[in-house]
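Peer 1: Residue numbers (this note's numbering): 1 to 548.
What follows is a structure written as structure tokens; I'll ask about it next.
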């Protein structure tokens, strides 16, 4: 049976019930009560309560009919029907929804601590256009799709727009995909996560959504489309009046759809969005940011199913980011000048010529600019010397937009590798340890992993001396695999572990690609061999003396 359009659901006016027809309310069954006197009219009654079901007999009394007169009831039996477990049932539905929510995918999740976002005076034009489109609810195109190459700043724009929508009170829900995070690299938790945020925006929607889940506890095992109808479309349809008065937020933001690792799931989600949220009289406006992968690209072509409903922004074609990158560099270089004690740094450092070179090498990639600045701000070494390293690594060709970024990665890693090998670290190659730390993110939270893999039990911090521009250490709960802000009362020292996380996924892609990493590439088999060797060494250390 085809899904009814939202126009058919939302557009019909409510008709008044005929006097001769009774529409029973939702909830407990209504029992008709009769009396032996033929002159009495049958009555229907329900009493809402939160206690267990019970039947009670009451003597006849006109107290039940406060405005009635000139009649009496003989031998009246009144049956009180209570709704059993209604509150508990809704609580169970809510608890199930919370358990299915990918909390790490929220725009303000602790797992995304210090997410990328735009500087105050950068990307002003595109952000203003996006916000204006979201607020223009009469625009027939309800989906705004933003694309651009890796490192173009899509996620920073999404994050900034999400924060602005939240401050305006129009952010209904957000979902941020990440291929390296198993909790948000699939489209299956998307509906639950969106519904959870919608429920937080309205007690009415929370009740409707919780009830829908209680009525079908297996809803999350059904297709994305059926989930979307049950948990988003139907609750919105039943409370259309609230949406018409703008009482509820309406902006839904999805970032990094290309990070959904299964293409068939990408297509299923886009199809569900098209059929459920873009057709008919939907109250929602959707903003999706993604690289133009095949499934997404095809859906947006003139023959694709999203073409008619979508407004498209291409960061690579529609906006020149050079001026924004220049402003970013100017602000960050000024901060370095103020803090540096290097006598070679003057107020005009590094000069317009060098600034122009850096902007050219960035090729429109904010990730390049951000990586350069983080590298210059590292405490070890002078910013002047580090800037010379950056400039010496820059290729002359701009044909490959990733070439400049790759060259920067290679230069930073080569320098770090050289410094690491100069220190006594058991003769282990820095690149092998780095690949072991990033290749198996789920394993790194094992109780003994940090003692096993890192030489001299130094932990991952020892790797960061020259890699802080590329990597960050996150404290993660071993029990839940979730980031924690401190080892406060909820987390003991033994329950948290430091884990390495790259700032940008292009760095992990670089490490995995032998053609990009070159001599820095490490074969996965070498990583397996290293971890196996470390495990055996750890067993030898902890094995009781005299036992084999």
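Even for Gly, the Cβ is constructed at its ideal location relative to N, Cα and C.
#1: Using 8 Å as the threshold, is the stretch 180-193 in touch with the stretch 158-168, meaning 3 or more CB pairs across them?
#2: What is the rounded straight-line gap between the Cα of residue 21 and the Cα of residue 238?
#3: Pairs of beta-carbons, one from the stretch 217-231 and one from the stretch 192-205, closer than 8 Å: are there three or more?
#4: Do residue 436 and residue 527 count as a contact pair if the criterion is CB distance below 8 Å?
#5: Taking residue 167 as the reference, which of 136, 153, 214 and 251 has the closest Cα?
#6: Is the Cβ-Cβ distance between residue 119 and residue 328 less than 8 Å?
#7: Residues bridged to residue 249 by DSSP?
#8: Helix, strand or coil: which one does DSSP assign to residue 180?
#9: Applying the 10 Å Cβ sphere with the 16-neighbour rule, what's the burial state of residue 369?
#10: Which residues mark the beginning and the end of the alpha helix (DSSP H) in which residue 438 is found?
#11: Using a threshold of 8 Å, state whether the C-beta atoms of residue 156 and residue 100 are closer than that.
#12: Pull up the distance between the alpha-carbon of residue 295 and that of residue 266, whole angstroms please.
#13: Considering only C-alpha positions, which residue in the set 324, 407 and 521 is nearest to residue 431?
#14: Is residue 141 near residue 310, with beta carbons less than 8 Å apart?
#15: Excluding the 5 residues flanking residue 90 on each side, which residues of the same chain have their C-beta closer than 8 Å to its C-beta?
#16: Any heavy atom of the ligand ATP within a distance shorter than 7 Å of the CB on residue 196?
#17: Secondary structure at residue 21, three-state DSSP: helix, strand or coil?
#18: My guess is that residue 152 and residue 366 are in contact by the Cβ rule of under 8 Å, so how many angstroms apart are they, rounded?
#19: Thinking just about the alpha-carbon of each residue, which of 542, 507, 475 and 439 is nearest to the one in residue 524?
#20: So, at 7 Å on beta carbons, what are the nonlocal neighbours of residue 344 in its own chain, with the 5 sequence-adjacent residues on each side left out?
#21: Any idea what DSSP makes of residue 207, helix, strand or coil?
#22: Check for me: the alpha helix (DSSP H) holding residue 525 runs from which residue to which?
#23: Can you give me the start and stop residues for the alpha helix (DSSP H) that residue 327 sits inside?
#24: Less than 6 Å between C-beta atoms, sequence neighbours within five positions excluded: which residues of the same chain meet that for residue 108?
#25: Between the C-alpha atoms of residue 270 and residue 361, what's the straight-line distance to the nearest angstrom?
#26: Tell me which same chain residues have a C-beta within less than 6 Å of the C-beta of residue 183, skipping the five on either side of it?
#27: Considering only residues of the stretch 350-422, which uninterrupted alpha helix (DSSP H) runs meet the minimum length of 4 residues and lie entirely inside it, listed in chain order?
#28: Quick one: measure Cβ to Cβ for residue 312 and residue 145, integer angstroms, because I've assumed they're closer than 8 Å.
#29: I need the DSSP call for residue 57, collapsed to helix, strand or coil.
#30: Under DSSP, the alpha helix (DSSP H) around residue 310 begins and ends at which residues?
#31: Round the Cβ separation of residue 248 and residue 282 to the nearest angstrom and send it over; I've been treating them as touching at under 8 Å.
#32: Using 8 Å as the threshold, is the C-beta distance between residue 158 and residue 299 below it?
#33: Using a Cβ-Cβ cut-off of 6 Å (strictly less than) and excluding sequence neighbours within five positions of residue 254, which residues of its own chain qualify?
#34: Applying the criterion that 16 or more other CB atoms from any shown protein chain within 10 Å of the CB defines a buried residue, is residue 235 buried or exposed?
#35: Does DSSP classify residue 147 as helix, strand or coil?
#36: With distances taken from CA atoms, which of 180, 154, 416 and 228 is nearest residue 198?
Peer 2: Reading off the structure:
#1: no
#2: Because residue 21 carries a pLDDT of 38, less than 50, the predicted location of this residue cannot be relied on, and the following value inherits that uncertainty. Our two residues, residue 21 and residue 238, have alpha carbons roughly 21 Å apart in a direct line.
#3: yes
#4: yes
#5: Measuring from the Cα of residue 167, the nearest candidate turns out to be 251.
#6: yes
#7: Note: residue 249 sits in no beta bridge, so no partner.
#8: coil
#9: buried
#10: 430-439
#11: Their beta carbons are not under 8 Å apart, which means residue 156 does not touch residue 100 by this criterion.
#12: When rounded, the separation of the alpha-carbon atoms in residue 295 and residue 266 is 7 Å.
#13: 521
#14: Their beta carbons are under 8 Å apart, which means residue 141 touches residue 310 by this criterion.
#15: Cβ within range, chain order: 207, 210, 211 and 214.
#16: The ligand ATP is not part of the structure shown, which contains no ligands of any sort.
#17: Note that residue 21 scores 38 on pLDDT, short of 50, meaning its location in the model is unreliable and no value can be drawn from it.
#18: 7 Å
#19: 439
#20: 384
#21: Helix.
#22: Run containing residue 525: 524-542, per the alpha helix (DSSP H) assignment.
#23: 322-339
#24: Nothing meets the Cβ criterion.
#25: 35 Å
#26: 102 and 104
#27: 352-362, 366-376, 383-393 and 403-422
#28: 5 Å
#29: Only weak support exists for where residue 57 lies, its pLDDT of 42 falling under 50; the coordinates are left without a value.
#30: Looking at the DSSP string, residue 310 is not in any alpha helix (DSSP H); the run it does join, the beta strand (DSSP E), is 310-314.
#31: Not really, about 13 Å apart at Cβ, beyond 8 Å.
#32: no
#33: 175 and 288
#34: Residue 235 is buried by the Cβ-count criterion.
#35: strand
#36: Check the Cα spacing between residue 198 and each of 180, 154, 416 and 228: the tightest is with 228.
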